[in-house]
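Per the working numbering, residue 1229 is the first one in the sequence shown, and the count goes up by one each step.
We treat Cβ as the ideally placed atom computed from N, Cα and C, and that holds for glycine.
A short worksheet on the structure shown next.
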Amino acid sequence: MAKNIKLKKPKLPRLPRIPKIKSAHKLLKNDVPGTLTYTGSKEQKHVSVELIEYTPDTYKVEQGSDVSIAFDKHNPGEISWINVNGLALTDQIEKLGQHYDLHPLILEDIVDTNQRPKIDEYPNYLFVVFKMLYFNEKGEFMNEHISLVLGENYLITFQEADGDVLDSLRTRITNGKGRVRNAGADYLMFAIMDAVVDHYFTLIENMSDRIETLEDVLFANQAEQDITQDIQDLKREVLRLRKAVFPFREVVNRLEKMDSQLIDQRTVTYIRDLYDHVTQVSDSIDIYREMTWGLMDMYMTTISNRMNEVMKVLTIISSIFIPLTFMAGIYGMNFEYIPELSWRYGYFYLWGLMIVIFFLLLYYFKRKKWL
């Protein structure tokens, strides 16, 4: 957002290159529906499984490299959170899907990172897909495909690779803080989605700072030619964020209005608040999208103004020398009888007249505010 301040031609630092979202999707082959083909770029060579089981009074966690650790029979009233990291090994995903009787099309959507955010309702479970966007430890903007399967007293999450935005949620579950330990699996699903949306706000704030920096550079007339690449990178980032958030808003809206036995009525209130947050993010994206598109127009206007300044100076110089050239041209004509040629000091009179005309024109241009 441009600040209405008087800039003193600061020496602004070189604008850093905006990192691109690390997401390189492969094209899907014309496979049979239900065929598991991982289409993402995070080729994690192993699957890490985290099983968290808790009640209001108990808590235990187990980790392994095989989904079979989630096959144990759980105690009544115990909530199980099965988190699977790594989608490249599709045999493990299929193995888990067979145990929980998941539809083959669901398994296909789990490993298809091109799948847009959506929600599907089945008799015994709900299936939700959305995008988890965040900055990793290196400051890179990550776009990760995440899927949820909500069942009776259990929740399964599928992620492309290790690392996510759910550490604070795990801490709350471990320490027994908040409402998670006293609620069902539906509230756990809401808490995960809420953590993802909170990081959407982080991205929005970062985007706002970048736009302000670009605007300050343009207003200070310190823009370099490759600033257009920075603007294009920012435009692509806004569009990818918009592509992830807008369908997700419809997912949350449908989840709020869904009449399912798996979602407690008390959780619906929190989901309604989550919808308000997603709507706020989407509105901000629309605003920053317009501002980003306006940055290129601002840059072109700056270039045009700079060109106009150059043309104005050249025009004024030409206007000053037109009468002087006219006078010099007259006395350069090869006529024998020109009255002023016989004057002893005619040469100096001519120079004096030219200098007077020069300063008169400068005064005239200054008064007209052309200079």
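Check your understanding: Just the Cα atoms here: how many angstroms apart are Asp1487 and Val1496?
Key -> By 1-based counting over the sequence shown, the position of residue 1487 is 259. By 1-based counting over the sequence shown, the position of residue 1496 is 268. Roughly 10 Å separates the two Cα atoms.
Exercise for review: Just grab the DSSP bridge partners of Lys1288 for me.
Suggested key: The residue labelled residue 1288 in the question sits at position 60 within the sequence shown. Looking at the DSSP assignment, Lys1288 forms a beta bridge with Glu1281.
**Study point:** Tyr1516, DSSP secondary structure in three states
**Key:** To locate residue 1516, count along the sequence shown from 1; it is residue 288. Note: Tyr1516 maps to helix in three-state DSSP.
Point to revise | DSSP-derived helix/strand/coil call for Glu1388 | key: The residue labelled residue 1388 in the question sits at position 160 within the sequence shown. The answer is coil: DSSP assigns Glu1388 none of H, G, I, E or B.
**Study point:** Range of the contiguous alpha helix (DSSP H) that encloses Val1425
**Key:** Here residue 1425 refers to the residue found at position 197 of the sequence shown. Counting along the chain, the alpha helix (DSSP H) containing Val1425 begins and ends at 1413-1447.
Exercise for review: Mind checking which residues open and close the alpha helix (DSSP H) that includes Ile1297?
Suggested key: In the sequence shown, residue 1297 corresponds to position 69, counting from 1. Neither: Ile1297 is in no alpha helix (DSSP H) and is coded neither H nor E.
Check your understanding: Is the beta carbon of Leu1552 less than 8 Å from the beta carbon of Ile1531?
Key -> Counted from its first residue, the sequence shown places residue 1552 at position 324. Counted from its first residue, the sequence shown places residue 1531 at position 303. No, the pair does not count as a contact, with Cβ atoms beyond the cut-off.
Practice item. Kindly provide the ranges of any alpha helix (DSSP H) runs that are 4 or more residues long and lie completely inside the region 1297-1335, ordered along the chain. Key: 1318-1327
Review point. Taking the C-alpha atoms as reference points, what is the distance between Thr1529 and Arg1477?
Key: One-based indexing of the sequence shown puts residue 1529 at position 301. One-based indexing of the sequence shown puts residue 1477 at position 249. Going by the C-alpha atoms only, they are around 36 Å apart.
Check your understanding: Which same chain residues, not among the five before or five after Leu1394, have their C-beta less than 7 Å away from its C-beta?
Key -> Taking the first residue of the sequence shown as position 1, residue 1394 is located at position 166. Closer than 7 Å at Cβ, skipping near neighbours: Ile1420, Ala1423.
Point to revise | C-beta contact flag for Phe1386 and Val1479 at 8 Å | key: Numbered from 1 along the sequence shown, position 158 holds the residue referred to as residue 1386. Numbered from 1 along the sequence shown, position 251 holds the residue referred to as residue 1479. No; because the gap between Cβ atoms is not below 8 Å, this pair is not in contact.
Exercise for review: Could you check which residue in Asn1533, Pro1567, Ala1316, Asp1511 has the C-alpha nearest to that of His1373?
Suggested key: Within the sequence shown, the letter at position 145 stands for residue 1373. Closest by alpha carbon: Ala1316.
Practice item. Tell me whether Lys1359 sits in a helix, a strand or coil according to DSSP, three-state version. Key: Taking the first residue of the sequence shown as 1, we reach residue 1359 at position 131. Three-state DSSP puts Lys1359 in a strand.
Point to revise | Selected residue, minimal CA-CA separation from Trp1309, among Lys1366, Ala1389, Tyr1287, Lys1323 | key: Taking the sequence shown and counting its residues from 1, the one referred to as residue 1309 is at position 81. Looking at the Cα atoms, Tyr1287 is the closest of the given residues.
Check your understanding: Skipping 5 residues on each side, what residues in its chain have a beta carbon closer than 8 Å to that of Arg1534?
Key -> Locating residue 1534 in the sequence shown gives position 306, where the first residue counts as 1. Excluding positions up to five away in sequence, the list reads Asn1449.
Point to revise | CA nearest to the CA of Val1473, picked from Glu1281, Thr1507, Lys1273, Leu1354 | key: Here residue 1473 corresponds to residue number 245 of the sequence shown, with the count starting at 1. Ranking the options by Cα distance to Val1473, first place goes to Thr1507.
Review point. According to the neighbour-count rule (16 or more other Cβ atoms, all chains shown, within 10 Å of its Cβ), is Leu1256 buried or exposed?
Key: As a working mapping, residue 1256 is identified with position 28 in the sequence shown. Residue placement at Leu1256 is poorly supported in this model, since its pLDDT is 44, which falls under 50; the coordinates are not used for a value here.
Review point. Exposed or buried, what is Gln1320 when buried is set at 16 or more other beta-carbons lying within 10 Å of its beta-carbon?
Key: To locate residue 1320, count along the sequence shown from 1; it is residue 92. Buried is the call here.
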